[in-house]
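Encoded as structure tokens, the structure appears first; notes follow it.
Chains as they are written, first to last, in our numbering: chain A, 1 to 362; chain B, 1 to 362.
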């Protein structure tokens, strides 16, 4: 076993379970790592590292769970516009238990449940040290998967519903495609919690009725297939007002069809491109309907936001979760050793499955 | 001659030249009018009307010049999303001389040069009465064509350069397609007056060198054909910074090519669709480049703006014109009787000719 130094891992003199204690009492972390960009199933491998000494601002965390997100896959493939240094431990979010804290760490104590709130920290490892400012203590009663997957999809949904149109303040209607995606399920639940009517577009499929029922149970006002949207009369018949905000993770015909149903001065926010087709907008929509079109990327938001803004958002999301108003989308726990199953799922689902795979370090 | 009443025309007891004085001393206006939507060359006809008595808020204006704009043509065709009542006198802008004022009119005097600042007032007639609040007195030294064509293209250029990105305050670079259009020529001149570098895209044509020279003389920093834009190195070589604002009146490939050269967080404003292709935006531009896309329509702006905002804009445009920093685009004066020539030109040019036809009532 090669024990190489890895700056992000720090040593701890302890005999906690699962720790590999070497002759010099070094702590060893089991981690996934890649040294070159490529197919995750080829380039991501296990290795064990001695954790270096804990710095004064550092927190040693035993990871409990970390999801496999589309962005993780794209980063490993070298296709994601976030710079990482190689070798790199993948994983952008996750939850763990604090084992030990550095001398100057404040507000975090051993035993606390913490989430990683900043990307590219490397969460796919059983034990890791993080700078205190990338962690946030969460309530113990917060569900494991909710905590592990809190910073990407729920926060993306939260921001898109907050930053572009005053949907919450004015009770404006929201329409979204890819409504069964992990983010889409969060959008529906936050809409319900905030009393916002929402129209949800999904692709047709054999189990469409079950899917509609599932999304309606989450809080969907209407669920329509893309075909049904084309000929729907719900807006003409004023069963629901025309949407002011469209959330788009598909592009192509799907986003075009959504924007056709928008109110005057409506906006569309694009956060994904599942169809791989670009967003197409008729000139007349821009000029005569005062349509406007934006993009959203959680990573970019996090880079610009103040810690106060981030805290406000995360606290609100946590409240929704602990009040049982926001639960994690359909997911499957996969033992850390079987990570290839989770990665394979993310690769074949093109990143927009309704079922998220979560690495289980317990 | 059938003398029908027409509520927008008011009588005046005067013997000014060109007035047709009937037995009862009624004033007769010669006007273009259409009673049904259709091909302007078929449905627009001359007629003469007795001008009804001047109301207390009304101003009698002898028109001097009025342009034939694409919007005029589209309105007559019934394709423009502005409601008009039939029968309708076409013409949305123009300049004239005040002949007489109603009892309660303030700030406007006989002999003043005035422009019509609100659409759908019907400027294609030799004499007309307008409510005082749709008129603005302009300096006598303001050029006839500049005055007649002030409210659409110069104001559109002014607003697009003011309302979406702080190009003036921060010296950001602007890129536009259809740069030889009437609006495009205004954009170039306002950019020059404000010290804003600008990149101008035009279609290739036999007389491309003359066109480039003409636009450079107006103030263009760079003029490129659409083909040249695809392979240009001016941004790579940092001869000019990447643009932050793109103005689009073409759509399709042209707008796509422009947005590829934008800075991070750049915006595009669409105000026309000359290619008849929609605006297409790659998903990655929205998400990873924080691109945003808007539309602009002068008519809608005018409906929402306060009279203070309008005055501020028009005064600034007039100043630019009287300081010789902003001149009317290439134009041709056409005698009122020969209006069909002007309309025919607007029909065949698809509304984006570099040469604007202006009706001459003198």
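Every residue gets a Cβ at the ideal spot worked out from N, C-alpha and C, and that includes glycine.
Predicted, not measured: the structure shown is a model, and the values here were computed from it.
Report yes if the C-beta distance between residue i and residue j is below 8 Å; otherwise report no.
i                      : j                      : result
residue 144 of chain A : residue 114 of chain A : no
residue 124 of chain A : residue 98 of chain A  : no
residue 273 of chain B : residue 291 of chain B : no
residue 236 of chain B : residue 126 of chain B : no
residue 201 of chain A : residue 157 of chain A : no
residue 174 of chain B : residue 153 of chain B : no
residue 102 of chain B : residue 64 of chain B  : no
residue 76 of chain B  : residue 116 of chain B : no
residue 223 of chain A : residue 248 of chain A : no
residue 275 of chain A : residue 252 of chain A : yes
residue 246 of chain A : residue 259 of chain A : yes
residue 355 of chain A : residue 271 of chain A : no
residue 81 of chain A  : residue 37 of chain B  : no
residue 137 of chain B : residue 111 of chain B : no
residue 208 of chain A : residue 225 of chain A : yes
residue 109 of chain B : residue 293 of chain A : no
Express the C-alpha separation of residue j and residue i in angstroms, rounding to a whole number.
i                      : j                      : result
residue 340 of chain B : residue 299 of chain B : 25 Å
residue 211 of chain B : residue 221 of chain B : 14 Å
residue 363 of chain A : residue 325 of chain A : Residue 363 of chain A lies beyond the residue range present for chain A, which begins at 1 and ends at 362; the question has no answer from this structure.
residue 86 of chain B  : residue 297 of chain B : 24 Å
residue 360 of chain B : residue 256 of chain B : 40 Å
residue 56 of chain A  : residue 130 of chain A : 11 Å
residue 187 of chain B : residue 161 of chain B : 8 Å
residue 295 of chain A : residue 164 of chain A : 10 Å
residue 140 of chain B : residue 318 of chain B : 11 Å
residue 227 of chain B : residue 204 of chain B : 8 Å
residue 331 of chain A : residue 250 of chain A : 21 Å
residue 51 of chain B  : residue 26 of chain B  : 7 Å
residue 283 of chain B : residue 342 of chain B : 42 Å
residue 218 of chain A : residue 180 of chain B : 54 Å
residue 133 of chain A : residue 307 of chain A : 9 Å
residue 268 of chain B : residue 285 of chain B : 12 Å
residue 254 of chain A : residue 177 of chain A : 7 Å
residue 303 of chain A : residue 309 of chain A : 11 Å
residue 314 of chain B : residue 83 of chain B  : 25 Å
residue 146 of chain B : residue 323 of chain B : 12 Å
residue 327 of chain A : residue 281 of chain B : 33 Å
residue 172 of chain A : residue 311 of chain A : 26 Å
Taking DSSP's pairing of strands, which residues face residue i in a bridge?
i                      : result
residue 127 of chain A : A/62
residue 70 of chain B  : In the DSSP output, where bridge partners are listed per residue, residue 70 of chain B has none listed.
residue 267 of chain B : B/245 and B/292
residue 132 of chain B : Paired residue(s): none; residue 132 of chain B is not in a bridge.
residue 332 of chain B : B/357
residue 97 of chain A  : A/62 and A/113
residue 88 of chain A  : A/34
residue 156 of chain B : Paired residues: none, contrary to the question.
residue 168 of chain B : Paired residues: none, contrary to the question.
residue 176 of chain A : A/200 and A/247
Among the options, which has the Cα closest to the Cα of residue i?
i                      : options                       : result
residue 119 of chain A : A/111, A/102, A/108 and A/149 : A/149
residue 333 of chain A : A/67, A/48 and A/26           : A/67
residue 369 of chain B : B/255, B/244, B/312 and B/285 : For residue 369 of chain B there is no data in the structure shown, the boundaries of chain B being 1 and 362.
residue 74 of chain A  : A/174, A/47 and A/41          : A/41
residue 96 of chain B  : B/78, B/62 and B/110          : B/62
residue 336 of chain B : B/105, B/362, B/209 and B/37  : B/362
residue 142 of chain B : B/176, B/58, B/94 and B/106   : B/94
residue 92 of chain B  : B/151, B/293, B/323 and B/213 : B/151
residue 48 of chain B  : B/241, B/33, B/59 and B/58    : B/33
residue 242 of chain B : B/358, B/263 and B/225        : B/263
residue 234 of chain B : B/261, B/208 and B/215        : B/261
residue 347 of chain A : A/112, A/71, A/46 and A/168   : A/71
residue 105 of chain A : A/60, A/69 and A/147          : A/60
residue 122 of chain B : B/312, B/69 and B/338         : B/69
residue 167 of chain A : A/185, A/155 and A/196        : A/196
residue 79 of chain B  : B/35, B/39 and B/301          : B/39
Handout entry: Against chain B: residues of the stretch 157 to 189 of chain A by CB proximity under 8 Å
Key = none
Problem - Chain-ordered residues of the stretch 290 to 306 of chain B with a beta carbon less than 8 Å from chain C - result: Included in the structure are the protein chains A and B, with no chain C among them.
Exercise for the section: Return the residues of the stretch 233 to 252 of chain B that lie within a Cβ-Cβ distance of less than 8 Å from chain A, sorted by chain order. Expected result: 251
Handout entry: Selection of the stretch 74 to 104 of chain B by Cβ proximity to chain A, strictly under 7 Å
Key = 81
Problem - chain B contacts made by the stretch 34 to 51 of chain A, where a contact means CB separation under 7 Å - result: none
Handout entry: Members of the stretch 188 to 220 of chain B that neighbour chain A once the beta carbon cut-off is set at 8 Å
Key = none
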